[in-house]
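Each remark here refers to the structure printed beneath this line.
Number of protein chains: 2
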Amino acid sequence: MEILVQKFGGTSVGSIERIENAAKRVVKAVNAGKKVVVVSSAMAGETDNLIELAKKISEFPNEREMDMLLATGEQKAVALLSMAIRKLGYPAVSLCGWQIPIVTDSIHTKARIKRIGIQRLKNYLKEGYIPVVAGFQGVTEDWEITTLGRGGSDTTAVALAAALSANCEIYTDVPGVFTADPRIVPSAKKIPFISYEEMLELSSLGAKVMQIRSVEFAAKYRVRIHVRSSFKEEEGTWILPEDEIMEKVVVRGITVDTKESRITVVRVPDRPGIAARLFKALGEAHIVVDMIVQNVSHEGFTDMSFTVSKGDAPRAEEIVRRVSTEIGAKEVVRDDKVAKVSIVGLGMRSSYGTAAKMFEVLSKNGINIMAISTSEIKISCLIDEKYAELAVRALHEAFVENGEELKIGEEG
Amino acid sequence: MEILVQKFGGTSVGSIERIENAAKRVVKAVNAGKKVVVVSSAMAGETDNLIELAKKISEFPNEREMDMLLATGEQKAVALLSMAIRKLGYPAVSLCGWQIPIVTDSIHTKARIKRIGIQRLKNYLKEGYIPVVAGFQGVTEDWEITTLGRGGSDTTAVALAAALSANCEIYTDVPGVFTADPRIVPSAKKIPFISYEEMLELSSLGAKVMQIRSVEFAAKYRVRIHVRSSFKEEEGTWILPEDEIMEKVVVRGITVDTKESRITVVRVPDRPGIAARLFKALGEAHIVVDMIVQNVSHEGFTDMSFTVSKGDAPRAEEIVRRVSTEIGAKEVVRDDKVAKVSIVGLGMRSSYGTAAKMFEVLSKNGINIMAISTSEIKISCLIDEKYAELAVRALHEAFVENGEELKIGEEG
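Going down the list, the protein sequences come from chains S and W.
The first sequence finishes on residue 429 if you use this note's numbering, and the numbering steps up by one all the way, no holes.
The second sequence finishes on residue 429 if you use this note's numbering, and the numbering steps up by one all the way, no holes.
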């Protein structure tokens, strides 16, 4: 029998009414003959409230304790969702990560799944139960609770779908993945099909629909994902293997990310090993560095800029200040008011002049570029945060609305 | 080295400030040279909020799911308390029931502890950590989360103290156990020492200081308990083995319990086996029946009354209605407006006329007695709820304030 993993995001279980609505979605799939495994996030706002409580006690709460704290959010949601499904007359059982178990490494607050025990889930399915699994959380081999990072419930869902050879429905508060954020670009359109690779770039670039790691997981195990609204019946966006996608466009979507901060180390002595020392210290603190720019050296000195997530920025700044004293840099400047705008599309691989066109669009709108990074299928520019929305609208107009002439049927 | 279990009730961790205050208490004991194991309840109000959420979904939420839901309250509290202790520079680790593990039977919402694995705790203590254990929760052999019933955190604390051969401090929002509820009787006095048996009667009769099962546990393993305020430094009440208590009084305290409902089955055919059938059905539903009164039979019919906790009353009424139709009773009446007032004291064993005096005090105040139950060291009367406070005040005056002449040095 076909197994389906249905994942409900925070807004889809954000109130008792919404939990009841999610329960109806589950029952509908069951009545359509599917064996359903449900995954739920914490109720909208819950995780933020918990973080706020912790911050009242300590600016840098212990991460092991943070995981203990945050894991309660999903546990609460699955218990309530399970009750709501039972209320409709269907036997549901809620399960925490450790009960499955979803075994992870022990990097607290950012753990990675190592393996999933599926026997307990399979037993429940065989006995006719609907397992309702707490997303976002796992357990180490030493029985310590871990969490998978912000948005980790998507990863839980996709990982379970992979383990159970199931399709995965991601219920969220938007009807699918859009060519740009519709709150910024009113003319943005829903994308019916998108490849893992494109979705990966869109996710990592700030499209809030799916967590990056969940898309990586899906790509690795070819899990077919259907992102859709929990409030509407219409089809959403299918995230699929590239070979299942017929229409390839140069630019699939435009994203903007204001969740990064830029840290600049001013007047670093330009000697071998300096950069290594800096980024090794950040790596040891499990801080992920995104864009890196090093200026041309002047008189044996250079400036070095990089971006990290705003959440990591205070800690990163602290580390960099320490290292910069050791390496004799002049000063460290942190800028939280930056934005990264990006264009993403499989078709870029076989299309020319896309980067030049992007820079031209930004320049025409008087927007200065602080840093550039590119991959095979995306181009990102770091700009002043105040131009973020303007940049997205201009790029959407140039590449999506008036980008027809660049559409290609086959890669070259 | 001496191990001390410190348990903080809901009000003692009811806000961030109070959690920080509790953390200071812990650190103080550590600095006094003790190895401390902390147990915490959920933050005040949390459990009620969770129950309210569940009730919005279903009047009778599934009990397994209820346990999943409620267990989050304590988990949240211990994570925060642990962060607060770490903030003071001491290494704390929060632990859920399943992580210890505290293994229980599988009677959800009212589970009983079967065994406690103390190796993990001992390892933490040996390594200098302060374990902060979630009260109220356990885990079955099948890895299902259970809870120990309202006030179950006391049981967790006492059970851990027993397992670790430790003394147990219970921090609460009152300075100790009083001769009566000071909100009702302003002249009530703090009791410095009380026996397990007396405390057991006081607990089961509605004194909210300690959960009954925890006192049973303490009695069984002779755990010395010190109930005290988390907001004041003064000594509280020591709950001790009877042989360590010097002064025995006839009446140690007066309690009132308005948490029971009376259910009356009217005009039951007076045949053998009828009562058995009724109470068997309630027993099967895990409903605890307290007082039972059967009237004298008239023309082959009798009335039967009993009390159950208000929480169980709707379900009990439902069951009784079903059974009463089968056995041909006339009707079933439920009365939620009753109160049970009781006097408790070891000295009653060797003192005469106490019951008569109690009935006389109530009668003088125009209070009708609906039912009576007694044990070796207590007498309880069920009365109309509206007379509850009047009854307590009158009994306190008669037995505690003017009870000196009945005080005895030794049992007869």
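Don't be surprised by glycine CBs; every beta carbon is placed ideally from N, CA and C.
Cα-Cα separation, residue i to residue j
i, j, result
"K72(S)", "K24(S)", "29 Å"
"T342(S)", "I291(S)", "12 Å"
"S246(S)", "S57(S)", "14 Å"
"V310(W)", "V44(S)", "47 Å"
"V358(W)", "E158(S)", "53 Å"
"F416(W)", "L105(S)", "55 Å"
"A180(W)", "L86(S)", "27 Å"
"S326(S)", "E251(W)", "49 Å"
"L98(S)", "N184(S)", "21 Å"
"F376(W)", "I396(W)", "10 Å"
"K93(S)", "R288(S)", "53 Å"
"L257(W)", "E335(W)", "41 Å"
"A346(W)", "F153(S)", "55 Å"
"E428(W)", "V156(S)", "Because E428(W) carries a pLDDT of 38, less than 50, the predicted location of this residue cannot be relied on, and no value is offered for it."
"P199(S)", "H315(S)", "44 Å"
"L165(W)", "S29(W)", "20 Å"
"M387(S)", "T64(W)", "51 Å"
"K41(W)", "I74(S)", "13 Å"
"T89(W)", "Q116(S)", "15 Å"
"K403(W)", "V378(W)", "16 Å"
Burial state of residue i (16 or more Cβ within 10 Å)
i, result
"E215(S)", "buried"
"D84(S)", "buried"
"A293(S)", "exposed"
"S322(W)", "buried"
"Y141(S)", "buried"
"M263(W)", "exposed"
"Y188(S)", "buried"
"P148(W)", "buried"
"Q136(S)", "exposed"
"G420(W)", "buried"
"R35(S)", "buried"
"L213(W)", "With the sequence shown as reference, residue 213(W) is identified as Tyr, and Leu is not the correct amino acid for it. Buried."
"F195(W)", "buried"
"G300(W)", "exposed"
"D274(S)", "buried"
Cross-strand partners of residue i (DSSP beta bridge)
i, result
"Q116(W)", "Its beta-bridge partners do not exist; DSSP assigns none."
"Y213(W)", "In DSSP, Y213(W) forms no bridge with anything."
"R230(W)", "None, per the DSSP bridge assignment."
"V325(S)", "S278(S) and V306(S)"
"G270(S)", "V361(S)"
"F195(W)", "K207(W)"
"P148(S)", "V110(S)"
"W255(W)", "F210(W) and H243(W)"
"N184(W)", "L21(W)"
"T121(W)", "I130(W)"
Proximity of residue i and residue j at Cβ, strictly below 7 Å
i, j, result
"V349(W)", "V282(W)", "yes"
"E277(W)", "I394(W)", "no"
"D171(W)", "S111(W)", "no"
"V267(S)", "G370(S)", "no"
"A101(S)", "E19(S)", "no"
"G168(S)", "G253(S)", "no"
"A9(W)", "E91(W)", "The structure shown does not extend to residue 9(W), since chain W spans only 18 to 429, so no value can be given for it."
"A151(W)", "V240(W)", "no"
"V55(W)", "L21(W)", "no"
"A356(S)", "A405(S)", "yes"
"I360(W)", "I280(W)", "no"
"S220(W)", "I211(W)", "no"
"L407(W)", "V340(W)", "no"
"K127(S)", "V120(S)", "no"
"V175(S)", "F234(S)", "yes"
"M308(W)", "S390(W)", "yes"
"V409(S)", "I201(S)", "yes"
The ligand FAD heavy atom lying under 6 Å from the CB of residue i
i, result
"T189(S)", "In the structure shown, the ligand FAD is absent, as is every other ligand, since no ligand is present at all."
If the cut-off is 8 Å on Cβ atoms, which residues from the segment 70-83 of chain W count as contacting chain S, listed in chain order?
L70, A71, K73, I74, S75, P78, N79, R81, E82 and M83
Mind listing which residues of the segment 97-108 of chain W have their C-beta closer than 7 Å to chain S's C-betas, in chain order?
L97, S99, M100, A101, R103 and K104
So if I threshold CB-CB distances at 7 Å, which residues from the segment 18-35 of chain W count as touching chain S?
Correct list: I33.
Against chain S: residues of the segment 160-174 of chain W by CB proximity under 9 Å:
W160, E161 and I162
Closer than 9 Å between beta carbons: that is the criterion. Which residues of the segment 304-336 of chain W meet it against chain S?
none
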